[in-house]
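Peer 1: One structure, as structure tokens, below. Some questions next.
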DNA sequence: TAGTGGTCTAGACCACCTC
DNA sequence: AGGTGGTCTAGACCACTAA
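Chains as they are written, first to last, in the numbering used here: chain A, 21 to 289; chain B, 21 to 289.
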């Protein structure tokens, strides 16, 4: 479904929609309907990233609502980062994670480079495995469901400082592994190049003792402190789309976040 | 332009407040002026926490603006968590950090208890010191400025799992240390009991090796991995108000956060 | 000049809550 | 019944950007 006409669903004809009269069932507010319709068009690719949205006047006609209602819908889309507006020019579909932009997540490579280091990644392996209990739980899948696993090491001036595995749909993993992970962060590739949309990201940060393969990869003796970062990316339906587990050396990797008092973000101990 | 009425502060008198005729200087939008005026009243305690705001109609008269403008102002205050509204009753000043509420920060004790553990804190020390370089930098003060330091240990079933020091204004530290830190989290006390308002919180999470006093307090051998969490609380002017440094045992303490795609929150590696 | 978003108003109907 | 917030409309002026 795309656009014109009524709001409720795919109805194409004008049909003032309106009228509360009798039907409308579980009537959501009109601005919410417009908001969801536009968001659906964006997520479905009908409105391509970077492209201009219909003008507010057009949206008014298209959905048969007043400008204030359209603006309320756009305001929420803007707050969620899916859309941005430029005075005098129009509203635009935000680039999914502009490179170096102000998305919520900044990849480790980008962060290192911003501080003046040379950093690069390397694809270590790429496979389809049966999800173990941990991955299945994180991705909300039945155990032993096939999932793609992409393991990447990150280097700072040729010293390895982080190694991690990202689990996601096999088809997405395939495309991820085909990208340039030498120069780009995994999160960046997923969002900017592959168009993945993430509504929320759950992060858990732990301290662990180095051991086994991870210790060797990071050139650490067993027992040395490492940072372990687990992230789960959730789509707009609340379903987990990606899960990653990353280990990093504490000298070079720390986790930073700024919590704004608005819109939650929950911290636990 | 027609309307009159003062926007600037809580002034009750009319005082037309410019019609933009010629000078308007750094004229902010009216809704922003209303928003800031109401926020100032809340932060200043003119509107007490938990109390009811003037109704939208009252605010319209008070500031001489239309209801839509008032609602736009309230919407932003609501988004920032300072205010919440109840259909049919009115708008209310949010309790600063409702106990167990949905504030951005959840203290460690609360988090442990939520998972079914018995947890308590203990005030270890409380003093006024000259800020060292690190604390001065974090609080944006000249070095050697006197600051209050409150050190607290947290126990889970009588096993110590976290110890940390909070630096803040001496007068606030005095009041903080006088509160019940046995049962309440420091962050909870600061916000709920002492009325501290925090616009943003910067958090840094690191993995470190246990050593010295911290290792002893947490009953860890030197070199064991510990989580180190640094937080800086920023007020609505962007000035740091609190700085804390906490060490925790990885078996019992981890850091969790949910990043929403809206409203930023920046992660770095 | 024409189109766009940014802001604002007056007025309206509804659902909800309290009295 | 009366007050409150939730939603919506039609119309207006402005600042900005573009052709």
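Glycine included, every Cβ here is placed at the ideal spot set by N, Cα and C.
#1: If contact means a Cβ-Cβ distance below 9 Å, which residues of the segment 213 to 239 of chain B contact chain A?
#2: Cβ closer than 7 Å: which chain A residues qualify as neighbours of residue 274 (chain B)?
#3: Consider the Cβ of residue 270 (chain B): report whether some Cβ of chain A lies at a distance smaller than 8 Å.
#4: In chain A, what lies closer than 8 Å to residue 74 (chain B) by C-beta?
#5: Starting from the C-beta of residue 275 (chain B), find all residues in its chain whose C-beta is less than 7 Å away, skip the five residues before and the five after it, and write them out in chain order.
#6: CB residue 140 (chain B) to CB residue 203 (chain B), shorter than 8 Å?
#7: Within a Cβ cutoff of 8 Å, which residues of the same chain sit near residue 133 (chain B), ignoring the five residues on either side of it in sequence?
#8: Figure out for me which residue from B:90, B:71, B:105 and B:104 has the closest Cα to the Cα of residue 77 (chain B).
#9: Runs of 3 residues minimum, wholly inside the segment 201 to 250 of chain B: which ones carry the beta strand (DSSP E) assignment?
#10: Using a threshold of 8 Å, state whether the C-beta atoms of residue 113 (chain A) and residue 70 (chain A) are closer than that.
#11: Given residue 261 (chain A), which residues of its chain have a CB within under 6 Å of its CB, disregarding the five upstream and five downstream residues?
#12: How is residue 167 (chain A) classed by DSSP in three states: helix, strand or coil?
#13: Check residue 92 (chain A) in the structure and name its three-state DSSP category.
#14: Counting along the chain, where does the beta strand (DSSP E) carrying residue 182 (chain A) start and finish?
#15: Establish whether the CB of residue 247 (chain A) and some CB of chain B are separated by less than 8 Å.
#16: In the DSSP assignment, find the alpha helix (DSSP H) that holds residue 134 (chain A) and state where it starts and stops.
#17: From residue 52 (chain B) to residue 278 (chain B), what does the alpha carbon distance come to, in whole angstroms?
#18: Measuring straight from C-alpha to C-alpha, what distance separates residue 28 (chain A) and residue 210 (chain A)?
#19: Can the beta-carbon of residue 270 (chain B) be found less than 8 Å from the beta-carbon of residue 219 (chain A)?
#20: For residue 142 (chain A), does the three-state DSSP call read helix, strand or coil?
#21: Just to confirm, are residue 159 (chain B) and residue 187 (chain B) a CB contact at a threshold of 8 Å?
#22: Less than 8 Å between the C-beta atoms of residue 267 (chain A) and residue 155 (chain A), yes or no?
#23: Taking its Cβ as the centre, do 16 or more other Cβ atoms sit within 10 Å of residue 75 (chain A), making it buried, or is it exposed?
#24: Using three-state DSSP, classify residue 175 (chain A) as helix, strand or coil.
#25: Quick check on residue 76 (chain A): does DSSP put it in helix, strand or coil?
#26: Taking only beta-carbon atoms, is residue 258 (chain A) less than 8 Å away from chain B?
#27: Am I right that residue 171 (chain A) and residue 150 (chain A) are in contact with their C-beta atoms under 8 Å? What's the rounded C-beta distance?
#28: How would you list, in chain order, the residues of chain A whose beta-carbon sits under 7 Å from the beta-carbon of residue 136 (chain B)?
#29: Using the C-alpha atoms, what's the distance from residue 103 (chain B) back to residue 68 (chain B)?
Peer 2: According to the structure shown:
#1: 217, 218, 219, 220, 221, 222, 223, 224, 225, 226, 227, 228, 229 and 230
#2: Position 254 of the second chain holds residue 274 (chain B). Those within 7 Å of residue 274 (chain B) in chain A are 224, 225 and 226.
#3: Within the second chain, numbered from 1, the residue matching residue 270 (chain B) stands at position 250. With 8 Å as the cut-off, residue 270 (chain B) counts as an interface residue toward chain A.
#4: Working through the second chain from its first residue, we reach residue 74 (chain B) at position 54. Those do not exist, as residue 74 (chain B) stays about 22 Å from chain A at its closest Cβ, beyond 8 Å.
#5: Residue mapping note: residue 275 (chain B) aligns to position 255 of the second chain, counting from 1. Counting only Cβ-Cβ distances below 7 Å, and skipping sequence neighbours, we find 225, 247 and 249.
#6: Residue 140 (chain B) sits at position 120 when you count from the first residue of the second chain. Residue 203 (chain B) sits at position 183 when you count from the first residue of the second chain. A contact, by the Cβ cut-off of 8 Å.
#7: Translated into the one-based positions of the second chain, residue 133 (chain B) becomes position 113. Here the set comprises 139.
#8: Translated into positions along the second chain, residue 77 (chain B) becomes position 57. Check the Cα spacing between residue 77 (chain B) and each of B:90, B:71, B:105 and B:104: the tightest is with B:90.
#9: 220 to 229
#10: Here residue 113 (chain A) refers to the residue found at position 93 when the first chain is read from its first residue. Here residue 70 (chain A) refers to the residue found at position 50 when the first chain is read from its first residue. Contact flag set, yes.
#11: Looking up residue 261 (chain A) in the first chain gives position 241. Taking C-beta separations shorter than 6 Å and ignoring five residues to either side along the sequence, the partners of residue 261 (chain A) in its chain run 253 and 255, following chain order.
#12: Within the first chain, residue 167 (chain A) is the residue found at index 147, counting from 1. Note: residue 167 (chain A) maps to strand in three-state DSSP.
#13: Looking up residue 92 (chain A) in the first chain gives position 72. Note: residue 92 (chain A) maps to helix in three-state DSSP.
#14: Residue numbering aside, residue 182 (chain A) sits at position 162 when the first chain is read from its first letter. Taken as a continuous stretch (DSSP letters only), the beta strand (DSSP E) holding residue 182 (chain A) covers 179 to 188.
#15: By 1-based counting over the first chain, the position of residue 247 (chain A) is 227. At least one chain B Cβ lies under 8 Å of residue 247 (chain A).
#16: For the purposes of this step, residue 134 (chain A) is taken as residue 114 along the first chain, with counting starting at 1. It spans 128 to 134 - the alpha helix (DSSP H) in which residue 134 (chain A) sits, taken as one unbroken run.
#17: Numbered from its first residue, the second chain carries residue 52 (chain B) at position 32. Numbered from its first residue, the second chain carries residue 278 (chain B) at position 258. If I take the Cα positions, the gap works out to 29 Å.
#18: By 1-based counting over the first chain, the position of residue 28 (chain A) is 8. By 1-based counting over the first chain, the position of residue 210 (chain A) is 190. In this predicted model, residue 28 (chain A) has a pLDDT of only 36, less than 50, meaning its place in the structure is not dependable; the value taken from the coordinates is given anyway. When rounded, the distance between both Cα atoms is 32 Å.
#19: Counting from 1 along the second chain, the entry for residue 270 (chain B) is found at position 250. Counting from 1 along the first chain, the entry for residue 219 (chain A) is found at position 199. No Cβ-Cβ contact shorter than 8 Å links residue 270 (chain B) with residue 219 (chain A).
#20: Counting from 1 along the first chain, the entry for residue 142 (chain A) is found at position 122. Strand at residue 142 (chain A).
#21: On the second chain, position 139 is the one that residue 159 (chain B) refers to. On the second chain, position 167 is the one that residue 187 (chain B) refers to. Yes, the pair counts as a contact, with Cβ atoms nearer than the cut-off.
#22: Locating residue 267 (chain A) in the first chain gives position 247, counting from the first residue. Locating residue 155 (chain A) in the first chain gives position 135, counting from the first residue. Not a contact, by the Cβ cut-off of 8 Å.
#23: Mapped onto the first chain, residue 75 (chain A) falls at position 55. Residue burial annotation: residue 75 (chain A) is exposed, with fewer than 16 other C-beta atoms found within 10 angstroms of its C-beta.
#24: Within the first chain, the letter at position 155 stands for residue 175 (chain A). If DSSP states are grouped into helix, strand and coil, residue 175 (chain A) belongs with the strands.
#25: Locating residue 76 (chain A) in the first chain gives position 56, where the first residue counts as 1. Reduced to three states, the DSSP call for residue 76 (chain A) is helix.
#26: Within the first chain, numbered from 1, the residue matching residue 258 (chain A) stands at position 238. Taking Cβ atoms only, chain B never reaches closer than 8 Å to residue 258 (chain A), which makes this a no.
#27: On the first chain, position 151 is the one that residue 171 (chain A) refers to. On the first chain, position 130 is the one that residue 150 (chain A) refers to. 16 Å between Cβ atoms; not a contact.
#28: By one-based count along the second chain, residue 136 (chain B) stands at place 116. Per Cβ cutoff of 7 Å: no residues; residue 136 (chain B) is ~14 Å from chain A at best.
#29: Position 48 of the second chain, counting from 1, holds the residue named residue 68 (chain B). Position 83 of the second chain, counting from 1, holds the residue named residue 103 (chain B). Using only the alpha carbons, I get a separation of about 11 Å.
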